[in-house]
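Down below is the structure, laid out as structure tokens.
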Amino acid sequence: MPVEIFPSSPEHRRHGSNAGQPLTRRDGLLKVTGKATYAADNHREGMLYAVAAVSSIARGRVKSLDVQAAKSHPGVVEVITPANRPPLAHNPNQKMPPFGFRIEVLQDDTVRYANQPIAMVVAETLEAATEGAALLNPQYETDTARTRRENGERFKPEAVGVGGPSRVAHGDIEAGFASAARVTEAEFVTPAQYHNAMEPHAVVAEWDGDRLTLDMPNQALVLSCAGYATYFGIPPENVLIRSPFIGGGFGSKAILNGPQILAILAARMLKRPVKLALPRAQMYGPVGHRGATWQKLRVGTDAGGRLTALHHHTLSATSSFDDFLEPAANASLPLYASPAILAEHEGLRLDTGTPGPMRAPGEASGSAALEVAIDEAAEACGMDPLEFRLANYAETEPGTGRPFSSKALRECYAEGAKRFGWSGRPLAARQMRDENGCLVGWGMGTAVFHCPHFPAEARATLRADGTGLLETAGVDMGQGAWTALAQIGAEALGLDPEMVELRSGVSSLPDGGIAGGSGHTASAGLALHNAGRNAIDQLVDLATADPESPLFGAGNVGVVARAGRLHRRDDEGRSESYSDILARARRTELVGDAKAAREPAAAEAHAMFSHGAVFAEVKVDPDLGQVRATRLVGAFAAGRIINPRLVRSQYYGGMIWGASFALLEEAVTDHRTGRIMNSDLAEYHVPVNADLPSLDAILIPEDDPYVNPLGVKGVGEIGITGTVGAIANAVWHATGVRARRFPIRIEDLLSDW
Amino acid sequence: MNRFEYVRPASVQEAVTAASQPGSVYLAAGTNLLDLMKLGAARPERVIDITRLPGLGEIDWRPDGSVRIGAMVRNSDLAYDERFARTFPVVAEALLSGASAQLRNAATVGGNLMQQTRCAYFQDVASACNRRAPGSGCDAREGENRLHAVLGWSESCIATHPSDFCVPLVALDAVTEVAGPNGMRDVAIDALHALPGETPERETALQPGELITALKLPSDAAAFADHARYLKVRERTSFAFAVVSAAAALRIDGGKIQSARLALGGVAAKPWRARDAEAVLENAPPTQEAFAKAAELALSEARPSGKNAFKIELARRLIVRALSLSTEGTPEAMPALPASPFATVPSANHAR
Ligand SMILES: Cc1cc2nc3c(=O)[nH]c(=O)nc-3n(C[C@H](O)[C@H](O)[C@H](O)COP(=O)(O)OP(=O)(O)OC[C@H]3O[C@@H](n4cnc5c(N)ncnc54)[C@H](O)[C@@H]3O)c2cc1C
Ligand code: SF4
Numbered sequence: 002m003p004v005e006i007f008p009s010s011p012e013h014r015r016h017g018s019n020a021g022q023p024l025t026r027r028d029g030l031l032k033v034t035g036k037a038t039y040a041a042d043n044h045r046e047g048m049l050y051a052v053a054a055v056s057s058i059a060r061g062r063v064k065s066l067d068v069q070a071a072k073s074h075p076g077v078v079e080v081i082t083p084a085n086r087p088p089l090a091h092n093p094n095q096k097m098p099p100f101g102f103r104i105e106v107l108q109d110d111t112v113r114y115a116n117q118p119i120a121m122v123v124a125e126t127l128e129a130a131t132e133g134a135a136l137l138n139p140q141y142e143t144d145t146a147r148t149r150r151e152n153g154e155r156f157k158p159e160a161v162g163v164g165g166p167s168r169v170a171h172g173d174i175e176a177g178f179a180s181a182a183r184v185t186e187a188e189f190v191t192p193a194q195y196h197n198a199m200e201p202h203a204v205v206a207e208w209d210g211d212r213l214t215l216d217m218p219n220q221a222l223v224l225s226c227a228g229y230a231t232y233f234g235i236p237p238e239n240v241l242i243r244s245p246f247i248g249g250g251f252g253s254k255a256i257l258n259g260p261q262i263l264a265i266l267a268a269r270m271l272k273r274p275v276k277l278a279l280p281r282a283q284m285y286g287p288v289g290h291r292g293a294t295w296q297k298l299r300v301g302t303d304a305g306g307r308l309t310a311l312h313h314h315t316l317s318a319t320s321s322f323d324d325f326l327e328p329a330a331n332a333s334l335p336l337y338a339s340p341a342i343l344a345e346h347e348g349l350r351l352d353t354g355t356p357g358p359m360r361a362p363g364e365a366s367g368s369a370a371l372e373v374a375i376d377e378a379a380e381a382c383g384m385d386p387l388e389f390r391l392a393n394y395a396e397t398e399p400g401t402g403r404p405f406s407s408k409a410l411r412e413c414y415a416e417g418a419k420r421f422g423w424s425g426r427p428l429a430a431r432q433m434r435d436e437n438g439c440l441v442g443w444g445m446g447t448a449v450f451h452c453p454h455f456p457a458e459a460r461a462t463l464r465a466d467g468t469g470l471l472e473t474a475g476v477d478m479g480q481g482a483w484t485a486l487a488q489i490g491a492e493a494l495g496l497d498p499e500m501v502e503l504r505s506g507v508s509s510l511p512d513g514g515i516a517g518g519s520g521h522t523a524s525a526g527l528a529l530h531n532a533g534r535n536a537i538d539q540l541v542d543l544a545t546a547d548p549e550s551p552l553f554g555a556g557n558v559g560v561v562a563r564a565g566r567l568h569r570r571d572d573e574g575r576s577e578s579y580s581d582i583l584a585r586a587r588r589t590e591l592v593g594d595a596k597a598a599r600e601p602a603a604a605e606a607h608a609m610f611s612h613g614a615v616f617a618e619v620k621v622d623p624d625l626g627q628v629r630a631t632r633l634v635g636a637f638a639a640g641r642i643i644n645p646r647l648v649r650s651q652y653y654g655g656m657i658w659g660a661s662f663a664l665l666e667e668a669v670t671d672h673r674t675g676r677i678m679n680s681d682l683a684e685y686h687v688p689v690n691a692d693l694p695s696l697d698a699i700l701i702p703e704d705d706p707y708v709n710p711l712g713v714k715g716v717g718e719i720g721i722t723g724t725v726g727a728i729a730n731a732v733w734h735a736t737g738v739r740a741r742r743f744p745i746r747i748e749d750l751l752s753d754w
Numbered sequence: 036m037n038r039f040e041y042v043r044p045a046s047v048q049e050a051v052t053a054a055s056q057p058g059s060v061y062l063a064a065g066t067n068l069l070d071l072m073k074l075g076a077a078r079p080e081r082v083i084d085i086t087r088l089p090g091l092g093e094i095d096w097r098p099d100g101s102v103r104i105g106a107m108v109r110n111s112d113l114a115y116d117e118r119f120a121r122t123f124p125v126v127a128e129a130l131l132s133g134a135s136a137q138l139r140n141a142a143t144v145g146g147n148l149m150q151q152t153r154c155a156y157f158q159d160v161a162s163a164c165n166r167r168a169p170g171s172g173c174d175a176r177e178g179e180n181r182l183h184a185v186l187g188w189s190e191s192c193i194a195t196h197p198s199d200f201c202v203p204l205v206a207l208d209a210v211t212e213v214a215g216p217n218g219m220r221d222v223a224i225d226a227l228h229a230l231p232g233e234t235p236e237r238e239t240a241l242q243p244g245e246l247i248t249a250l251k252l253p254s255d256a257a258a259f260a261d262h263a264r265y266l267k268v269r270e271r272t273s274f275a276f277a278v279v280s281a282a283a284a285l286r287i288d289g290g291k292i293q294s295a296r297l298a299l300g301g302v303a304a305k306p307w308r309a310r311d312a313e314a315v316l317e318n319a320p321p322t323q324e325a326f327a328k329a330a331e332l333a334l335s336e337a338r339p340s341g342k343n344a345f346k347i348e349l350a351r352r353l354i355v356r357a358l359s360l361s362t363e364g365t366p367e368a369m370p371a372l373p374a375s376p377f378a379t380v381p382s383a384n385h386a387r
């Protein structure tokens, strides 16, 4: 498999030596020439194709399936239904910690949401399997679908998001409101949104006895091996997952799902490799989504525009059978200095697939509501939105008083405002027009995202020829892990990136942890860093103990590793190449292993977040209500930047997603049936280039000695936060209309009718 | 996808003969048909591939200034044909506002005219849909119908025709040339698409086997070249179907509108020609008052078919805007964002 390995590529452009440089992607050439192999590109001898038949009702049970019709279709090999589905070693109605949800793998005939798999047809061709699934002609016993706020069942959740607190109270909220000079209140609705990664969930599954090989896009390689092992009753080391490239995951490819399990099961049952790739419409159900929210904010301010109380209530939708609640209210916890904050959640059970983490889960929808509410409070106080945010700047973590490990938000505000040209913005709405008479509005929002760190492992090898080998089961979803991780490892090895080979994307490598929570570069990166340092330490020991080395005895003064040579720190002229040291010691290689995790004491003592400020300009046609986000400027501080080119792309992607949230994205449900009526990319809108003619991302330098020894925070998700609110606030500034639901629609802005 | 027979005829005559058997469908670029087949909304028994038929790919100018465009001419080739874009700029603008560059490169003239509604219930085989399955009912009527018809709809069907191209074509009196089992005939664009009435399954005036071989624009349509605009409100700046669109074409002389053409898209099961509105514009000065009156008349019969009352007001405003922009004159060059409300910035133009 050539894709497992990236040899150094000489045509690869370099701007300097190491981490911190804007290197282009190491896998870029493969991708633009179509040579990067994604899961569904794999073919195996004798392979079969699986297609799921999915339910068209949202609640009830399957009374009958015309299995005979499907089976008699030419090419169909097997139809798997609850009647003949082979057993699994794990009960799918039981959660599998940490991220395992209850899933639908034909355990019975009940239907819990539309698009739930109700059978799996396996055939010699994709076409035959597809037609077989169409011939099943399911008959249902249908119960009323509950997909609206009004008919869902409400409950008090124990946790929100991934184990987050469902209710957090700091200070005395009622006293805070009592002392307020003004209280502004606002309600918001955010719709269900679907990840819609370009690459569908796919798998090519092949069994060899009780060994299982999976080509699949996967954001949590080693963890998933354990999950599949549990489902199939085999040891985790018998599962090999290859996931060199992922066409977008956004959280939806970190969690086991029903269709993929069924395809693996089919491969075992039929003793042939099986391929499954979900059609786009089937990605609207069994593979997670961002759950809908109904949010209510109350903001109390004193006469000087300082917050006295902040109350954020969220009703978060989840499925009827499992819990993932968009932790939206918690977005109000880390940001503004209010003496009293209450963030609380309620749950709502709907007949939908279980939601899951979707890029900035909670922060995205919570920030959307919070930033509009903050803007309304600023307006009520007659203050400029930036001035208001500065007046309520949190010097320490609100509520806990813990210091921030680092926080260059002030610089983000200042640089972003300067680049955008914020000063001189009229306070009132509907004050600006362009040369064609379009309404122009400017708005802003604060971006914030936590920075988790996951345990990870790595191996770094110095080879006799002076090159390096880096190994970790890292995950590249397009964000550039192939490049950034190589940069970090190469730096630790004192080698140019061209001199190191990176092996990643395969579960048999040391556990690179999960790619989620914007924590992958920091987590896998630190493991590689430590592994590299470990290898260099061994090399230094060899050299300084060897009387024939120019570095003999330099152990105390110290030795620096650079460009493939060790140098005496006090006399850089005295140096020796790695290969010479290894050759004299008759070593073919030196292997450094490392595990890395965050320092628990530093984690306890500090609040750790990335921050940013987003400024938006929108234009709105005054008569027709069509909106365009004509300019976005984001300034972000996220610790040390390994590769500015990749990081800027992440910020762009986040801001584009924010625009999508504000103006476009929504799954439209027919509440009579519970079916989603726009489950394709023609009708489920995400932005096109013309929607965002001008994007600018500013990288604010930030040193953070506490987050991890690399000083790296996360950049993958923060761009969405802040941006939704900034655009909504700009729409208000242009039109005078406050966003109450997302996306903001043309009819919301058609004035006077 | 069901199993079907694939036929590749060598001549128009062979194509028509093959397609006259029940269960047949023509395949042009397939950008609409193949999607519907994958969804199961179309389950033809016989697919007749017309992409290799000879003689359907030309743009022929006649001495009188009229033009005949072969049914297999690609949308982008037509829009970028220099003479065509100069003579019928409103048609070129509409074409370039549709779909994406990739789709326009593939999509054909005939396919665009004959494309089917984007009604989600039509595409979803689990839904009741009179158009797809006569007599089954219309799930859109009480369903998610924000973007459905406000004109010419019936209780049987509230779908819209999604084509941008057809909107200026109906305004300019374009005609299709049709080959059928009984020879050739002409069908005006205005007569091509049917309003649903009790029989929404009868989508067009074409009879079984009939093939559109060409599209013809009459010479007098060229007289509107100086004052003609297509304007399309959509939910994203590009690559989205119209919420509502309007084609306005005027002949202005001596401060007066000599003749006017006006049509709406996204409001009915056919491109909607607003003849009453045209009549009040004729001989009137091109003023906002005149435009507002035209807009009122054009929508006088409109009624919401669901959650779409806003489209009626939007259509009125769009008409006024399209007429205003037409009065200002056709831009020198195609705007960078064809038909977009945001396309009016002169600096946003790029040279063809
Ligand atoms: C994502 C997406 C977005 C789109 N956005 C827009 C948009 O914004 N505006 C817009 O106007 N359109 C839009 N379209 C539709 C697009 O314009 C049509 O799909 C295209 O024009 C169809 O042309 P085709 O050659 O591919 O037709 P096909 O798909 O091959 O055929 C379509 C239908 O026409 C029939 N047909 C084709 N040729 C003939 C003929 N010569 N005689 C008789 N019948 C014929 C076929 O039998 C079939 O029923 C979009 C499509 C997609 C997929
Ligand atoms: S509106 Fe027409 S196309 Fe849509 S479901 Fe109703 S009958 Fe079918």
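Protein sequences, first through last, are from chains R and Z.
Numbering (my numbering) for the first sequence: 2 to 754.
Numbering (my numbering) for the second sequence: 36 to 387.
For every residue, glycine included, the Cβ atom is placed at its ideal position computed from N, Cα and C.
Beta carbon of R/Gln480, beta carbon of R/Leu647: below 8 Å?
yes
Separation of Z/Pro235 from Z/Trp188, as counted between CA atoms:
10 Å
Does DSSP classify Z/Pro203 as helix, strand or coil?
helix
Leaving out five residues on either side along the sequence, give the residues of the same chain with a beta carbon under 6 Å from the beta carbon of R/His290.
Ala193, Tyr195 and Pro356
For my contact list, R/Ile104 and R/Pro93 are in at a C-beta cut-off of 8 Å; report their separation, rounded to the angstrom.
5 Å
Taking all protein chains shown into account, do 16 or more other C-beta atoms lie within 10 angstroms of the C-beta of Z/Asn343, making it buried, or fewer, making it exposed?
buried
Measuring only between beta-carbons, confirm whether R/Val112 sits less than 8 Å from chain Z.
no
Say the cut is 7 Å; is the CB of R/Arg673 nearer than that to a heavy atom of ligand 2?
no
I need the DSSP call for R/Pro237, collapsed to helix, strand or coil.
helix
For R/Thr657 and R/Leu693, I'd like the C-alpha separation in whole angstroms.
The amino acid occupying residue 657 of chain R in the given sequence is Ile; Thr does not appear at that position. Approximately 7 Å between the Cα atoms of the pair.
So R/Gly526 is in the beta strand (DSSP E); what residue range does that whole segment cover?
Note, R/Gly526: premise wrong, no beta strand (DSSP E); alpha helix (DSSP H) at His521 to Thr545.
Buried or exposed by the 16-neighbour rule on C-beta atoms within 10 Å, applied to R/Asn690
exposed
What three-state label does DSSP hand R/Glu200 in the structure shown?
coil
Does any C-beta atom of chain Z lie closer than 8 Å to the C-beta of R/Gln627?
yes
Any beta carbon of chain R sitting closer than 8 Å to that of Z/Phe274?
yes
Under 8 Å: do the segment 367-384 of chain R and the segment 724-737 of chain R share three or more Cβ pairs, one atom per stretch?
yes
Residue range of the alpha helix (DSSP H) that includes Z/Lys73:
Leu68 to Leu74
With 16 other CB atoms within 10 Å as the buried threshold, where does R/Gly313 fall?
In the sequence on display, residue 313 of chain R carries His and not Gly. Buried, by the Cβ-count rule.
If you reduce the DSSP assignment to three classes, tell me which class R/Pro8 lands in.
In this prediction, R/Pro8 scores a pLDDT of 38, lower than 50, which makes its location untrustworthy; the coordinate-derived value is nonetheless stated afterwards. Reduced to three states, the DSSP call for R/Pro8 is coil.
Starting from R/Phe178, trace the alpha helix (DSSP H) in both directions and tell me its first and last residue.
Ile174 to Ala179
Backbone CA spacing between R/Ile677 and R/Ser406 [nearest angstrom]
43 Å
Just to confirm my understanding: we take R/Met2, look at its own chain, exclude 5 residues before and 5 after, and list those with CB closer than 6 Å. What are they?
Summary for R/Met2: the model assigns pLDDT 30, below 50, so the residue's position carries little reliability; its value from the coordinates is reported in the next sentence. So the list is empty, once near-sequence residues are dropped.
Any chance the CB of R/Leu277 is under 7 Å from a heavy atom of ligand 1?
no
Any chance the CB of Z/Leu113 is under 7 Å from a heavy atom of ligand 1?
no
Go through the segment 57-95 of chain R residue by residue and report every complete run of the alpha helix (DSSP H) that reaches 4 residues or more, in order.
68-73
So is the beta-carbon of R/Phe662 under 7 Å away from any non-hydrogen atom of ligand 1?
no
Residues of chain R with CB closer than 7 Å to the CB of Z/Asn37, please, in chain order.
Glu132
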